[in-house]
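Q: Numbering (full-length UniProt numbering), first residue to last: 1 to 1278.
(1) Roughly how many angstroms lie between the CA atoms of residue 723 and residue 667, to the nearest whole one?
(2) Sorted by chain position, which residues of the same chain lie with C-beta nearer than 8 Å to residue 276's C-beta, five sequence neighbours on each side aside?
(3) Does the region 130 to 142 come into contact with the region 165 to 179, if we say contact requires no fewer than three beta-carbon pairs (one atom in each stretch) closer than 8 Å?
(4) Extract the residue ranges of the beta strand (DSSP E) inside the region 1001 to 1063, only unbroken runs of 3 or more that lie entirely within it.
(5) Could you spell out the range, first to last residue, of the alpha helix (DSSP H) harbouring residue 1082?
(6) Since residue 851 is in the alpha helix (DSSP H), which residue starts that stretch and which ends it?
(7) To the nearest angstrom, how far is the alpha carbon of residue 882 from that of residue 378?
(8) Relative to the C-alpha of residue 415, which candidate in 386, 360 and 446 has its C-alpha closest?
(9) Within its chain, find whatever has a CB closer than 8 Å to the CB of residue 485; leave out the 5 residues flanking it on each side and keep chain order.
(10) Just checking, does the region 943 to 953 make contact with the region 1034 to 1046 on the three C-beta pairs under 8 Å criterion?
(11) To the nearest angstrom, how far is it from the Cα of residue 1085 to the Cα of residue 999?
(12) Give, in chain order, every unbroken run of the alpha helix (DSSP H) that is at least 4 residues long and sits entirely within the region 258 to 300.
(13) Ends of the alpha helix (DSSP H) at residue 133?
(14) Would you call the region 802 to 814 in contact with the region 857 to 865, where contact means no fewer than 3 C-beta pairs closer than 8 Å?
(15) Using a Cβ-Cβ cutoff of less than 6 Å, which residues in the same chain neighbour residue 54 once the five nearest sequence positions on both sides are dropped?
(16) Would you mind sorting residue 991 into buried or exposed? The rule is 16 or more other CB atoms within 10 Å of its CB.
(17) Based on Cα-Cα distance, which residue from 539, 1097, 525 and 739 lies nearest to residue 511?
(18) Can you name the residues that DSSP bridges to residue 838?
(19) Could you say which of 921, 922 and 940 lies nearest to residue 930 if we only look at CA atoms?
(20) State buried or exposed for residue 193, treating a residue as buried only when at least 16 other CB atoms are found within 10 Å of its CB.
(21) I need the DSSP call for residue 66, collapsed to helix, strand or coil.
(22) Measure the beta-carbon distance from residue 704 to residue 737 and round it to whole angstroms, keeping in mind my assumption that it falls under 8 Å.
(23) Which residue spans inside the region 352 to 405 form an unbroken alpha helix (DSSP H) run of at least 4?
(24) Would you call residue 520 buried or exposed, if buried means 16 or more other Cβ atoms sit within 10 Å of its Cβ?
(25) Measuring straight from C-alpha to C-alpha, what distance separates residue 71 and residue 100?
(26) Excluding sequence positions up to five away, which residues of its chain have a Cβ less than 6 Å from the Cβ of residue 1009?
(27) How big is the Cα-Cα spacing for residue 172 and residue 125?
(28) State whether the region 1008 to 1027 contacts the region 974 to 987, with contact taken as three or more CB pairs (one from each stretch) at a distance under 8 Å.
(29) Let me check understanding here. Comparing Cα to Cα, which of 471, 1107, 672 and 700 lies closest to residue 450?
(30) Which value, in whole angstroms, describes the spacing of the CA atoms of residue 750 and residue 441?
(31) Apply the 10 Å Cβ neighbour rule to residue 1081 and answer buried if 16 or more other Cβ atoms are within range, or exposed otherwise.
(32) Would you mind sorting residue 1093 into buried or exposed? The rule is 16 or more other CB atoms within 10 Å of its CB.
(33) First and last residue of the alpha helix (DSSP H) that includes residue 588?
(34) Please state the DSSP three-state secondary structure of residue 541.
(35) Assuming residue 412 and residue 357 make a contact with CB atoms under 8 Å, what is their CB distance in whole Å?
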């Protein structure tokens, strides 16, 4: 019917709309005013006459005939408070009639604002609908007209467009059901008309159908009607043909003859909106159950804390209640989790230790405390915030007990900071801001400890709060910082150190922002207005993008700039200045907070924006006030914090040397006293101090002492330092800070080479000194190099290792043997010799032997000797070091050019070494250098060989790192990873696993899928597909005979990409440009005919093409994994214990299948060499490298450039991927048969191993490419 609305439309501002071409331009005859000025009201009788006249005219208009422009002025007057709130009922009733006609004539856009609509519906609900309960009301017909119009035109849906309309909706449903369920208010006893029930039902049903959701109170009102009706009257009305229940005749007059109108209305609403009401009722009862559960969590605190009110609880009951509380912390409903957190918050600290801790601490999975710590990663912000703040408060109290030596507090609550900081790996900006607040407000509160105010005199402790002098306060704060860092697991320690490393950069950006705010001058700019606004906008965008609501943050920062508060600028400068002491920073933040709260132009969210940015850029952790106390702890080792203090000093010197500058003299004097001699060794803490001093010396060489005593002490460290790193850092300090660099270099080199004898005296220190002299000595030692090379090669590297004891020959040792250490230093000497050459030197002849040596280590499993078997641990160390040194050499373009495509492929497969320690050391070093942009772009390809990495922590970390790098590149429009796909396919084409058999190619589908899942998106999938196509238009430059491998992988990749993009709903467009192919691995085809023939041929087997859909879908399903316990110290110790037991028992050789297999045709040259083995087969050997994080810099992972900063994207970009529940797998018979065949094939693949490589068989097969096939045999063969 004309004028009927089919759905709701948004409340809009009054505006002019063009009429339809076919509509008649009919204006209103009514032209009298309906509103008045204050003090001159229109008489009621006159006003009623005008409203009646307007109503009669509006009723006679059709929607098609109405002139909207003519209606708008009158509609505006009808929405005035003079009419809507008039004291006369008739005025309100006739106004309502006119308004509903305006709804009808102006549909679908109401000519009212949201605020006006709210006032209008308040009139309808509270006045007109409520008055319907009295049929004798003189304006009942007008009330019915309003109700009928809202029902028939469905303009009631405008209610849903009002912000915060829930209260109005609840009032509407409540009043409507009250009108129908209550007695008639007419004095004559007249009953309500059936039309009231009919139209009210239509109005409410329309609201239910059109609203996105109903408040729980509305559902409650509807359901209540079913409880009020007499079930006997309901059954009696609908039970035709059924035997009726016998009723006492004397009581029959008391029964309802039919169901009440309110019941009928509720029933009709449910029938009219059956599907929606079914969902709403289900949600309602679920909410009721959750509320009941939530209410049951609260009393747990009182029961547990008071032992059931003093009655007493036995152990079983207490544990049962604790289990219930722990389960509530992981409940599926956020309200239950939140209530459980609130319950834990009520416990006193001692009760947390004694009661909650009885089921285990933070590190014990499934305990109350562990489940609470898991909520730091909760998906719901409210739960996450409450849990993180509570954990921070608990550790804040526990820190005192831990400092006093409480083992129970340390065991139960010590891992809290690790769990909190580990959440940074989620890469969620909201989580990062939360952690910033918790770090400096709970874990390390800005005001801790209280500093004694010198003006308070004797009453300083009148408030019961312990206060300290400034020096004592600094020491107590440092103690708390060191305790926090000491107990962090490596993964979380990386986060904290990366945050502090970023502080210097963020401080520079903050200073730039403040400078531009000053230039902006609150918006009053005399010169360069456009340029100033542009630069300020860029800086604001930079800072805003680091916060969760970037648009809101940007608005806040613009308002901050317009406020032009110079004092606020200065306060922030105090916070970020490296020469500010801690108390100055603290007071500045405190004043800034109060100033922004009181500022007139400030907004409610401005502090939410400024405080996190200020925390991140301020010198709060690495503060100059803390350095003396840190040095003191490093000297005294008080409370066992010495090693942590050394570590922090090293971090400060390398990441924020400006803070360290004022105290370097003190550290240098301490080093003078610790200097070793031929008869006395240096102290164990000297290495960390030397490293800190060396990092500082490289940045600020003029600030390092040059007195004779200090120089001589560095010479002594270079000659006699232990461990060898002490000699290394001594040389670094000497050659970077002294004026007589050349003289010291020649003297030290002569002393190091004179009478050198392997295994005697301080020979390791001499080798370490040589490594730095080769790097930093320059032209001064050019004539002295030959003896060094002779020592390294003939006396160290070619020296036979001690005989291998088969009973004690592990594949890895945390601390390398002395023989292995010497060989590692010798390799560094040779490599540093190349790195120390001048840019214009001829490097070709000098570099060739070194490159060949390093390649031999990589391809020959780290074996140096051709005659004698070296210890397995030594070989893995040397292979890792050889690979890392090749990466280091490739920092420079001149050396990278010497690494051929074939050598690059050999180096890349180290990422799939059988030993997990080698894989981890190589991949982390690779990601570090790539993150620092020190390696050419081709080195991104090997990272994708982690597709079959069996260690979840390493694979997840690399996956997150790739995504973070891809996100950074996409912002700068650099297709780095997309172009690397071509090299990745070339790498796979030369992979030791490669075979054109369909069974083998299924594994290579997973390589492509790993690349796509980490890199591909709707924007770049076309380029990735184009690159895959381009691979088929070239030939292999490494080995032209192997070009067909490229074409197979090209076709395979194209097929996988097509299916991948289809599943994501993307589309592949023709790429407009032609991607460039790497010239070192690809070459042009000989002619067009060859290219045409290759392009038309399908190289992938047809049966595999048919399986691609299933393979791609299966790969996209997330597999469930056990929770990672890398952040759990106790779990880590348990793993170590288990691995130690396995090592003691020995690992059995995998037994061959009893069924004989057909012998394979041997390759030329006899037995299969190690370099030709499949590199993708991996096993977890005697000890999982996941537990070796505690020492970040292993001997084999040592850098010669110690001032290199850790890649922030490794530290801050890594996050544990949120695990999704995988759908049930659909397995086809064909795939099952294929998988079974592959398992049988792999079982006997290595029956013929090289006699000298039998130990490799003991730690597992090296040939299985899938981590599903990896088997770690821990106990002896049965």
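Glycine included, every Cβ here is placed at the ideal spot set by N, Cα and C.
A: With the structure as the only source:
(1) 19 Å
(2) 208 and 209
(3) yes
(4) 1034 to 1036
(5) Looking at the DSSP string, residue 1082 is not in any alpha helix (DSSP H); the run it does join, the beta strand (DSSP E), is 1082 to 1084.
(6) 844 to 859
(7) 43 Å
(8) 360
(9) 493, 496, 644, 647 and 648
(10) no
(11) 29 Å
(12) 261 to 272 and 274 to 297
(13) No alpha helix (DSSP H) holds residue 133; DSSP gives it neither H nor E.
(14) no
(15) 30 and 98
(16) buried
(17) 539
(18) Answer is none; residue 838 lacks a bridge partner.
(19) 940
(20) exposed
(21) strand
(22) 4 Å
(23) 368 to 374 and 381 to 403
(24) buried
(25) 13 Å
(26) 1115
(27) 6 Å
(28) yes
(29) 471
(30) 56 Å
(31) buried
(32) exposed
(33) 582 to 598
(34) helix
(35) 4 Å
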